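Q: Structure below; questions to follow.
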Amino acid sequence: MPVSPLSRLAVPAVVLGLMVIVAPAALAADYVPGEVVVGYSGGATPAKVMALDARAGVRQAGVSGLGVRVLRTRSGETVAQAIARLRRQRGVAYAVPNYVAHIAAWIPDDPGRPHTYGGWPASQWNFLAADGVDAPDAWANLIADGHPGGRGVVVAVLDTGIAYRKWHKYRESPDFEGTRFVDPYDFVAHDRFPLDRNGHGTLVAGTIAEATNNGLGLTGLAYGASIMPVRVLDASGAGDASTIAAGITYAVRHGAQVINLSLQFSVGISSREIPDIINAIRYAYQHGVVVVAAAGNDGVSQIAYPARDSDAISVGATSADRCLAVYSNSGAGIDLVAPGGGDDASIADDPDCNPDANLPDIYQMTLLNPAQPGRFGFPGGYEGTSMAAPHVSATAALVIASGVIGRHPTPDQIEARLKATAEHLGSPGPNRKFGYGLVDAGAATAPLPTPVTTTPTTPTTPTTPTTPTTPTTPTTSLSPSP
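Residues in the sequence shown are numbered from 71 upward in steps of one, following our numbering.
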């Protein structure tokens with residue numbers, strides 16, 4: 071499957087390098103209506119149990135265990151009323167509702183491309199636990215933390231613009247209704263309306279924060295986060311270094327906490343040739359802003375700038391097989407990988423790789439035709455490290471919102487958390503293909519284990535007391551070994 075020209079365009083400057091199922095009323099109260107679980111005293115024989123059932127005037131709905139019955143309430147009787155009555159019966163050890171448990175994930179109702187209730191997983195393999203970033207567990211973690219979908223965090227998307235509002239011939243993407251957009255600016259047209267003329271930026275923004283559980287379209291990984299649209303690439307997907315640097319500086323000064331750069335320069339460009347971008351990324355880092363960048367789509371063992379900069383998190387791409395995607399750059403300096411879609415690279419010693427397979431792309435709602443900016447859908451052909459980077463940006467936003475490593479984590483702490491919780495792929499340890507592994511949003515946002523405290527024993531020999539230290543999240547950025 072060829073990489074889309076929109077996501078792999080070669081240009082001289084830069085290229086777009088707890089399951090809460092809403093349905094059965096029976097689960098609405100977290101217990102089964104009309105049923106009570108009754109346990110009888112240990113001395114109750116089967117005959118006595120039958121007599122007690124008859125005396126209780128209820129019908130048996132099932133057997134839960136030895137000496138335990140699931141009974142149906144009387145007509146017109148609530149579960150609470152039945153419990154109160156049953157507990158007064160002699161021989162009844164307990165009577166409780168028949169509670170319902172839910173798996174620990176949150177599954178939204180977005181229909182996706184199949185247009186069926188909750189059908190989004192059929193298209194968004196990249197968000198699932200098996201082959202993607204485990205969005206459902208991340209969503210459940212953030213709901214539990216009181217910041218659903220990364221609410222409160224600002225992610226700047228420096229791209230071709232975003233279909234975030236109506237303006238002249240442009241229209242808002244239907245699945246952005248409810249998504250919050252802040253401080254937009256267009257550095258190409260030099261106005262405050264960075265509308266998308268390409269489709270790439272809208273898809274990237276959708277991966278990060280498309281509206282979710284709204285019965286429409288697909289889902290966004292950090293659907294509660296605010297998006298800062300900053301247009302630095304033109305309608306063809308090209309943008310110069312000075313414009314991109316200005317966009318980075320703007321995002322930092324206007325409160326972005328994460329910056330997504332789904333773009334790349336040619337691998338032949340060195341840091342000396344783009345000093346303004348290197349300085350802008352350093353400025354972001356010094357102001358506590360996480361910069362995430364696409365590793366590039368040249369299929370070579372070299373990371374392209376700006377991802378190659380040490381102050382940015384470089385992201386390679388994986389396929390639905392959890393193999394390195396055929397187009398993805400890799401090599402020394404690769405930090406993480408994330409779903410980018412497309413076919414597998416040919417890696418002889420990786421059993422997950424099948425280069426002959428025809429594997430899916432990345433889907434989000436975006437422009438069907440840039441010439442008609444009012445028509446939206448789920449076009450195919452989007453695959454690339456441009457698609458991988460927003461998974462990491464969204465996960466970084468979720469980590470910040472969760473507070474799992476503190477309310478104001480540094481870029482180094484966030485990067486360390488993402489690497490420590492990534493799912494390892496390839497050869498042992500950090501490696502040149504996958505870095506620290508496939509980003510895992512569920513693991514990255516999971517609460518840290520509570521330390522087990524023990525009462526120290528009194529030593530027989532007096533010792534000099536020491537002050538215990540509290541483990542902290544590493545504050546230095548890790549990098550894979552060459």
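All C-beta atoms in this analysis are idealised placements derived from N, C-alpha and C, irrespective of residue type, glycine included. Here the structure is a predicted model, which means the values were calculated and not measured.
Secondary structure at Glu-242, three-state DSSP: helix, strand or coil?
A: coil
Q: Starting from Asp-207, trace the alpha helix (DSSP H) in both directions and tell me its first and last residue.
A: 205-214
Q: Distance check for Ser-416 and Ala-427, CA to CA, integer angstroms please.
A: 11 Å
Q: So, with DSSP's three-state summary, where would you put Ala-99?
A: Since pLDDT at Ala-99 reaches only 45, below the 50 mark, its modelled position is unreliable, and no value is offered.
Q: To which residues of the same chain is Ser-472 closer than 7 Å at the C-beta, ignoring the five residues directly before and after it?
A: Asn-211, Leu-212, Asp-215, His-217, Thr-515
Q: When the Cα atoms are used, what is the spatial distance from Ala-93 to Ala-192?
A: Low confidence applies here, because Ala-93 scores a pLDDT of 30, under 50, leaving its location unreliable; read the following figure in that light. Approximately 19 Å between the Cα atoms of the pair.
Q: Thinking just about the alpha-carbon of each residue, which of Ser-389, Arg-378, Gln-151, Gly-512 is nearest to the one in Asp-422?
A: Minimum Cα-Cα distance from Asp-422 among the listed residues Ser-389, Arg-378, Gln-151, Gly-512 corresponds to Ser-389.
Q: In chain order, what are the residue ranges of uninterrupted beta strand (DSSP E) at least 3 long that sit wholly in the segment 377-411?
A: 383-388, 406-409
Q: Within 10 angstroms of its Cβ, does Ile-247 collect 16 or more other Cβ (buried), or is it exposed?
A: The sequence as given places Glu at residue 247; Ile does not occur at that position. Within a 10 Å sphere around the beta-carbon of Glu-247 sit fewer than 16 other beta-carbons, which makes this residue exposed.
Q: Within the continuous beta strand (DSSP E) that includes Asp-229, where are the two ends?
A: 224-229
Q: Please classify His-357 as buried or exposed, where buried requires at least 16 neighbouring CB atoms within 10 angstroms.
A: exposed
Q: Could you name each continuous alpha helix (DSSP H) segment of 4 residues or more that falls completely within the segment 238-288, going from the start of the chain to the end?
A: 270-279
Q: Can you tell me the Cβ-Cβ gap for Ser-398 and Asn-424, rounded? I've got them flagged as a contact below 8 Å.
A: Rounded, the Cβ-Cβ distance is 16 Å, inconsistent with contact.
Q: Closer than 7 Å by C-beta to His-324: which residues in its own chain qualify, once you throw out the five before and the five after it? Chain order, please.
A: Asp-253, Met-298
Q: Can you tell which of Gly-476, Thr-143, Gly-109, Val-138 has the C-alpha that lies nearest to the C-alpha of Pro-103?
A: Minimum Cα distance to Pro-103 is reached at Thr-143.
Q: Straight-line CA distance for Arg-160 to Pro-167?
A: 19 Å
Q: Does the distance from the CB of Ser-463 to the CB of Val-362 come in under 8 Å?
A: yes
Q: Tell me the rounded alpha-carbon separation between Trp-176 and Gln-194.
A: 15 Å
Q: Checking 8 Å against the spacing of the C-beta atoms, do Val-302 and Phe-257 come in under that value?
A: yes
Q: Return the CA-CA distance between Gly-231 and Asp-245, expressed in angstroms with no decimal places.
A: 16 Å
Q: Compare the beta carbon distance of Thr-455 and Gly-401 with 8 Å and say whether it is the shorter of the two.
A: no
Q: Sorted by chain position, which residues of the same chain lie with C-beta nearer than 6 Å to Pro-184's C-beta, five sequence neighbours on each side aside?
A: Only Ala-192 meet the Cβ criterion.
Q: Excluding the five sequence neighbours on either side, which residues of its own chain have a C-beta within less than 8 Å of the C-beta of Thr-533, listed in chain order?
A: With a pLDDT of 42 at Thr-533, under the threshold of 50, the predicted position of this residue should be treated as unreliable, though the coordinate-derived value follows. Once the five neighbours on either side are set aside, Thr-533 has no close Cβ partner at all.
Q: Who are Tyr-164's beta bridge partners in DSSP?
A: Gly-109
Q: Could you tell me the boundaries of the beta strand (DSSP E) in which Ala-363 lies?
A: 360-364
Q: Can you tell me whether Ala-98 is buried or exposed, with buried defined as 16 or more other CB within 10 angstroms of its CB?
A: Interpretation of Ala-98 is limited by its pLDDT of 38, a score under 50 that renders its predicted location unreliable; the figure taken from the coordinates is listed afterwards. With fewer than 16 other Cβ atoms within 10 Å, it is exposed.
Q: Answer yes if the segment 443-460 comes into contact with the segment 488-499, meaning at least three C-beta pairs across the two stretches below 8 Å, and no otherwise.
A: no
Q: For Leu-508, list the residues DSSP reports as bridge partners.
A: For Leu-508, which the question treats as bridged, DSSP gives the partners Val-407, Glu-493.
Q: Quickly, what does DSSP pair Asp-414 with across the bridge? List them, please.
A: Asp-414 pairs with Ala-395.
Q: Could you compute how far the alpha carbon of Trp-209 sits from the alpha carbon of Glu-343?
A: 41 Å
Q: Along the beta strand (DSSP E) that carries Ser-296, what are the first and last residues, could you check?
A: 296-301
Q: What number of angstroms, rounded off, separates the C-alpha of Met-435 from the C-alpha of Thr-465?
A: 20 Å
Q: Which residues bound the alpha helix (DSSP H) around Val-469?
A: In the DSSP assignment, Val-469 falls within the unbroken alpha helix (DSSP H) covering 455-472.
Q: Under DSSP, the alpha helix (DSSP H) around Ile-348 begins and ends at which residues?
A: 345-356
Q: I'd like the span of the alpha helix (DSSP H) that includes Ala-152, first residue to last.
A: 149-157
Q: Could you tell me the distance, in whole angstroms, from the CA atom of Val-107 to the CA atom of Arg-155?
A: 13 Å
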